[in-house]
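Just so you know, we're using full-length UniProt numbering here: the sequence shown kicks off at 1 and counts up by one.
Below is one structure, written out as structure tokens, with a few remarks after it.
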Amino acid sequence: MAEEPIRTTSPASPTPGLRLFFILLCGLLFFVSPGAVANEPARPRNLILMIGDGMGFGHLEAAGYWSPKDGFNPPFACFSFAAAMSTYLAGGSYDPERVSRNPDYLFAGATDSAAAATTLATGHKTAREVIGMARDNHGRLVPVENLLEAAEKLGKATGVITTVPISHATPAGFVAHNPSRKNYPEIAREMLLESPIDVVAGAGHPGYDDDSRPRTRPAYNYLYVGGRKLWQKIVAGQAGGDADGDGTADPWTLVDQRTAIQRLADGPTPKRLLLLAPVATTLQQKRSGNPLAKAGEIPFNPGTPTLAELTRATLNALDDDPDGLVLMIEGGAIDWAGHANQSGRMREELDDFAASVAVVSDWVERHGGWKQTLLIVTADHETGGLEDGHWRTTRHSNSLVPLLARGIGVTDLKSLADKQDPVHGPYLDNAELGRWLLAGQH
């Protein structure tokens, strides 16, 4: 049986209680401090970039967070800047006129998460599957500085969060440098042994399956954590390089149980945190049950933390740094649900992402307000060609994606959106955004 199209009035859209919370929070945020600040300095103390992997306008519309007529709904309505963004890879393009003449143009030459994450993190266009590298003037593939590396040089706390394995393309693009996103063990080793990053959070636990059930040791999968030997050192509290430049190793503290992660939302935290959800590949999207069921029909993994819970714990771990923080938060399984054309599970993932947006907004209000922090919400690309509730492909598309921002620096960002699309209005390119973000950390 064909899957029914998504409706914006679907019961799988955010529940009335959740939507009321978003509305009250959004109104409170606007009452306390407006998004645009006069005479704002060029560089935010805190930068938080939230990426809905594969999240297009159609996904937000399907879940009730956006409509062509009324615009964005809470918590996305809280943002003072809203535009669109192109995401094409190196050598590609986005041409609104070609889209209008031939809709199939949107499905040719689309980027992937590796190239798109690299562009957002470095400002450099690159090829598919490439992590943190780009071609130099001689055509050689070389490492390029990313946003978190620049922030670390300023003494800031840094972190990445995802709902998929920690060494997958998007978090990797903000931390590592590798010619292939498929080199998961190598990428994990670079992230956990060579990078000075302070918090890594997500899925990919070798000891659990996709239903958060413990595996027996012979079935362990160490792919996403750098191999068996590194995992043994992580468990023993012996893995981790020198993160602060004092010549002494700074080992990771592994926290892999939901209740323990929830407790980290308040109070003191270890110096470096590896928050590894007790699940194999995704927090919820790959759990058992009918994959085409409506949102919420299949019970969630009760022992798996939500993206919002990982976000609370990570912010609490990073916010003591007097120099500020730079954090990337990814709703990675929005993309996985899009590839599988799973309307219900896409909505679940988007609801968790939206709840995380609300968590971040609340944190900003309690930690210096919008005069110190820049929050950006966007996507790396669109997945599924979702339009009017119907999936058109199981692949990525070259469609424009949403770009929302609030806080310090928004006025400058508005000037970059100088191109015009007949459907979505002003837009900029992801390389422009990446270069602008990186410049703010120098």
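From the three backbone atoms N, C-alpha and C, an ideal C-beta is built for every residue, glycine too.
This structure is a prediction, so every number in the text was calculated from the model and none was measured.
Beta-carbon proximity of residue i to residue j, cut-off 8 Å
i, j, result
"residue 163", "residue 333", "yes"
"residue 307", "residue 159", "no"
"residue 161", "residue 310", "yes"
"residue 250", "residue 272", "yes"
"residue 67", "residue 410", "no"
"residue 188", "residue 226", "yes"
"residue 444", "residue 427", "For the chain, the structure presents residues 1 to 442; residue 444 sits outside this window and is missing."
"residue 155", "residue 266", "no"
"residue 195", "residue 279", "no"
"residue 342", "residue 299", "no"
"residue 400", "residue 105", "no"
"residue 313", "residue 264", "yes"
"residue 446", "residue 258", "This structure does not reach residue 446, given that the chain is present from 1 up to 442, and the question cannot be answered."
"residue 252", "residue 192", "yes"
"residue 234", "residue 274", "yes"
"residue 141", "residue 179", "yes"
Whole-Å CB distance - residue i paired with residue j, under 8 Å assumed
i, j, result
"residue 376", "residue 50", "7 Å"
"residue 239", "residue 230", "6 Å"
"residue 204", "residue 276", "7 Å"
"residue 362", "residue 286", "At roughly 29 Å, the Cβ-Cβ gap does not stay under 8 Å, so residue 362 and residue 286 are not in contact."
"residue 146", "residue 107", "Residue 146 to residue 107, Cβ: 29 Å. No contact."
"residue 338", "residue 383", "3 Å"
"residue 421", "residue 103", "Actually they do not touch by this definition, with Cβ atoms about 14 Å apart."
DSSP-derived helix/strand/coil call for residue i
i, result
"residue 177", "coil"
"residue 82", "strand"
"residue 320", "coil"
"residue 411", "helix"
"residue 263", "helix"
"residue 303", "coil"
"residue 239", "coil"
"residue 125", "coil"
"residue 443", "Residue 443 is absent from the structure shown; the chain starts at 1 and stops at 442."
"residue 420", "strand"
"residue 441", "coil"
"residue 377", "strand"
"residue 369", "helix"
"residue 297", "coil"
"residue 218", "helix"
"residue 255", "strand"
"residue 197", "coil"
"residue 30", "Annotation note: pLDDT 42 at residue 30 (below 50); position unreliable, coordinate value reported separately. Note: residue 30 maps to helix in three-state DSSP."
"residue 435", "helix"
"residue 276", "strand"
Identity of the residues DSSP links to residue i by a beta bridge
i, result
"residue 205", "Beta-bridge pairing links residue 205 to no other residue."
"residue 387", "390"
"residue 157", "325"
"residue 165", "203"
"residue 382", "54 and 397"
"residue 72", "66"
"residue 131", "178"
"residue 429", "86"
"residue 142", "134"
"residue 48", "327 and 375"
"residue 405", "81 and 376"
Cβ neighbours of residue i in the same chain (closer than 7 Å, five flanking residues each side left out)
i, result
"residue 170", "51, 53, 113, 117, 162, 330, 332 and 380"
"residue 242", "248, 249 and 250"
"residue 372", "44, 45, 46 and 408"
"residue 434", "119, 120, 121, 122 and 123"
"residue 28", "Interpretation of residue 28 is limited by its pLDDT of 45, a score under 50 that renders its predicted location unreliable; no figure is taken from the coordinates."
"residue 430", "85, 86, 87, 116, 119 and 120"
Sequence-distant residues of its chain with Cβ nearer than 6 Å to residue i (five each side left out)
i, result
"residue 124", "134 and 144"
"residue 353", "52 and 331"
"residue 406", "35, 79, 80 and 375"
"residue 385", "392, 393 and 397"
Sequence-distant residues of the same chain with beta carbon closer than 8 Å to residue i, five excluded per side
i, result
"residue 244", "196 and 250"
"residue 316", "264, 265, 266, 267 and 269"
Distance cut-off 7 Å: residue i Cβ against heavy atoms of the ligand MN
i, result
"residue 442", "The model depicted lacks the ligand MN and carries no ligand whatsoever."
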